[in-house]
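S.K.: Under the working numbering, think of the first position of the sequence shown as 3, with each following residue one higher. The C-beta atom is built at its ideal place from N, Cα and C for all residues, glycine as well. If you scroll down you'll find the structure; I have some questions about it.
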Amino acid sequence: GKSMRDALEAGFVRAWTSIRDSHLAAIIVSVILFWFGTSTVKGFAFTFFLGAVVSLFSAQIITRAFIRAIAPKTSGKLARLLFGSGIN
């Protein structure tokens, strides 16, 4: 019963907790690896940390902007096909 825009915004809000928790866990693990690791492990931990931070940024800022840009204004057949409610 929601409009396409309202459904997208509700999806963004519901997905935020999962995205935040998974990336926060990855950042914590990378800090622990960096703290206790040898030089090779520290290099991996630093790369892992950067990957988690960049992924968090892209998941929240870039992906959201792209989805909002391509989201159709009306609920036509193409919109139902692309955004998961199928074609009746």
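(1) Are there three or more Cβ pairs, one per stretch, closer than 8 Å when the segment 11-20 is compared with the segment 42-50?
(2) Tell me whether Gly13 sits in a helix, a strand or coil according to DSSP, three-state version.
(3) From Ile21 to Ser57, what does the alpha carbon distance come to, in whole angstroms?
(4) In the DSSP assignment, find the alpha helix (DSSP H) that holds Gly45 and state where it starts and stops.
M.R.: Based on what the coordinates show:
(1) no
(2) What you label residue 13 is simply residue 11 of the sequence shown in a count that begins at 1. Gly13 falls in the helix class under three-state DSSP.
(3) Here the question's residue 21 lines up with position 19 in the sequence shown. Here the question's residue 57 lines up with position 55 in the sequence shown. Distance between the alpha carbons of Ile21 and Ser57 is about 10 Å.
(4) Against the sequence shown, residue 45 aligns to sequence position 43. Gly45 -> alpha helix (DSSP H) spans Ser41 to Phe59.
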